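*Asks:* Numbering (my numbering), first residue to last: 959 to 1367. From the three backbone atoms N, C-alpha and C, an ideal C-beta is built for every residue, glycine too. The structure presented is a predicted model; accordingly, all values stated were derived computationally and were not measured.
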Ligand SMILES: [Zn+2]
């Protein structure tokens, strides 16, 4: 908790909010503090070109594949102090405890801090882990620009990562026995069920697209109701439909689909004109690719039907299409057995939010442990997790690492 709080003071602002955008001075400072803590703990430190940090303890067989654990230290704007750091400091504390107590581990252990997990600056999430997994492609970078106009591709180039060399940071799967990530839940389920630990089965992924309704801007006083082509009323009907169809598909059995229209642009957007153009940003997520894709398809069909009925135009533009990522059931079994042995009440659940683990799952068996978020609040200064739950999560992470390091896997 002392180390977590030290990291949490970097970038602190109003009402205890924390802002450490990727590649900002504050975020770099948090990485420096971590490097210092790793050095104190006697870990061998490796930093790759983007700035991902790997702190290694060799264990009994330094040549073996490593059991790795980590998360990220960057934050959203006005975020909380636990999203990310709990997984990095939790992993550090796990390895420190193993070293201090001379607990025998066969495989090497590694603490990892990934750069740029949050998409808040460039609109590009899980940057560092995507590079390590070899999952960044030049076309992905085309629209990655921050609000000041800095291109992510230029930042990468300044770090020696060219468009042609995006796979240069990819880590060989052979060097990885497992990747584990402790994280706050960022949702209300654990608290509602009174559980202190969540064992994660899969990570939901989004279908994101823009829907643009094109009606006609007209005078709000002179245009009779039956002669209008109001783009915003069409948009309102679609927004209501997104809620309705996602509610119908929100059960675990139906792949826990959730859908949000989180942004809208309106033209002309004045009180005395019928809206001529409405642009909606739609985000549909689910833990099953099949149900998520089906709901996304239904929403697009409905957009077209609404436009047809109202004799207005509509365009659907893809933003990003990803599939949900299953985590490794063997790792979940190890943590589950530990919970059973120790009488810890756990919930087996999917993750609605994205994490570095979904990239690492492409090159290593990956697992995640959740601890409860008070009132499910996340991406907000009011983020809170009970220190006792963080401690329990770190303890479970450590014991899982020990078992995975010592067992055939
Ligand atoms: Zn996070």
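(1) Rounded to whole angstroms, what's the CA-CA distance from residue 967 to residue 1339? Just pull it up for me.
(2) Name, in chain order, the residues that DSSP records as bridge partners for residue 1072.
(3) Ignoring anything shorter than 3 residues, give me the beta strand (DSSP E) runs that lie fully in the region 1039-1104, in order along the chain.
(4) Does DSSP classify residue 1205 as helix, strand or coil?
(5) Could you work out which residue in 1342, 1220, 1358, 1150 is closest to residue 974 when comparing CA atoms only?
(6) Taking buried to mean at least 16 other C-beta atoms within 10 Å of its own C-beta, is residue 958 buried or exposed?
(7) Can you check which of these residues, 1320, 1345, 1300, 1335, is closest to residue 1131 by C-alpha distance?
(8) Three or more beta-carbon pairs under 8 Å between the region 1140-1159 and the region 1315-1332, yes or no?
(9) To the nearest angstrom, report how far apart residue 1123 and residue 1191 are at their CA atoms.
(10) Under a three-way DSSP split, which group does residue 1214 fall into?
(11) Starting from residue 1351, trace the alpha helix (DSSP H) both ways and give me its first and last residue.
(12) Excluding the 5 residues preceding and the 5 following residue 1290 in the sequence, name in chain order all residues of the same chain whose CB lies nearer than 8 Å to its CB.
(13) DSSP beta-bridge partners for residue 1156?
(14) Taking the Cβ atom as the reference point for each residue, do residue 1347 and residue 1323 lie within a distance shorter than 7 Å?
(15) Give the secondary structure of residue 1176 by DSSP, where H, G and I count as helix, E and B as strand, and everything else as coil.
(16) Who's in the neighbourhood of ligand 1, going by beta-carbon under 5 Å from any heavy atom, listed in chain order?
(17) 7 Å is my cut-off, CB to CB: does residue 1233 come that close to chain B?
(18) Would residue 1010 be called buried (16 or more neighbouring beta carbons within 10 Å of its own) or exposed?
(19) Helix or strand or just coil, what does DSSP make of residue 959?
(20) Provide the residue span of the beta strand (DSSP E) that contains residue 1016, from first to last.
(21) Once DSSP output is grouped into helix, strand and coil, what is the label at residue 1237?
(22) Give every residue of the same chain whose Cβ lies closer than 7 Å to the Cβ of residue 1079, excluding the five residues on either side of it in the sequence, and list them in chain order.
(23) Residue 1356: buried (16+ other C-beta within 10 angstroms of its C-beta) or exposed?
(24) Note down the Cα distance separating residue 1100 from residue 1082, rounded to an integer number of angstroms.
(25) In the DSSP assignment, the beta strand (DSSP E) including residue 1003 goes from what residue to what residue?
(26) With a cut-off of 8 Å, do at least 3 Cβ pairs link the region 1254-1273 to the region 1195-1209?
(27) At which residue ranges does the region 969-1001 contain complete alpha helix (DSSP H) runs of 4 or more residues, listed in the order of the chain?
(28) Any idea if residue 1062 is buried or exposed, counting beta-carbon neighbours within 10 angstroms, 16 or more meaning buried?
*Replies:* Let me spell this out:
(1) Cα atoms of residue 967 and residue 1339: separation of roughly 13 Å, rounded to the nearest angstrom.
(2) For residue 1072, which the question treats as bridged, DSSP gives the partners 1030.
(3) Runs of the beta strand (DSSP E) lying entirely within the region 1039-1104, each at least 3 residues long, are 1067-1072 in chain order.
(4) The answer is helix: DSSP assigns residue 1205 an H, G or I state.
(5) When only C-alpha atoms are compared, the closest one is 1342.
(6) This structure gives no information on residue 958, because the portion of the chain shown stretches from 959 to 1367.
(7) It is 1320.
(8) Yes: the two stretches touch, three or more of their Cβ pairs being nearer than 8 Å.
(9) Taking C-alpha positions only, residue 1123 is separated from residue 1191 by approximately 47 Å.
(10) Reduced to three states, the DSSP call for residue 1214 is coil.
(11) Residues 1345-1364.
(12) The residues are 1157, 1158, 1159, 1306, 1325.
(13) Bridge partners of residue 1156 according to DSSP: 1305, 1328.
(14) It is not a contact, given that the beta carbons lie outside the stated cut-off.
(15) Per DSSP, reduced to three states, the secondary structure at residue 1176 is strand.
(16) Qualifying residues, in the order they occur: 1041, 1042.
(17) The chain inventory of the structure shown lacks chain B, comprising one protein chain alone.
(18) By the neighbour-count rule (16 or more Cβ atoms within 10 Å), residue 1010 is buried.
(19) Reduced to three states, the DSSP call for residue 959 is coil.
(20) Run containing residue 1016: none; DSSP gives neither H nor E here.
(21) If DSSP states are grouped into helix, strand and coil, residue 1237 belongs with the strands.
(22) 979, 980, 1104, listed in sequence order.
(23) By the C-beta density criterion, residue 1356 is buried, having at least 16 other C-beta atoms within 10 angstroms.
(24) Taking the straight line from one Cα to the other gives about 11 Å.
(25) Per DSSP, residue 1003 belongs to the beta strand (DSSP E) from 1002-1005.
(26) Under the Cβ criterion (8 Å, minimum of three pairs), the region 1254-1273 counts as touching the region 1195-1209.
(27) Look at the region 969-1001 and you find these whole runs of alpha helix (DSSP H), each 4 residues long or longer: 983-998.
(28) With fewer than 16 other Cβ atoms within 10 Å, it is exposed.
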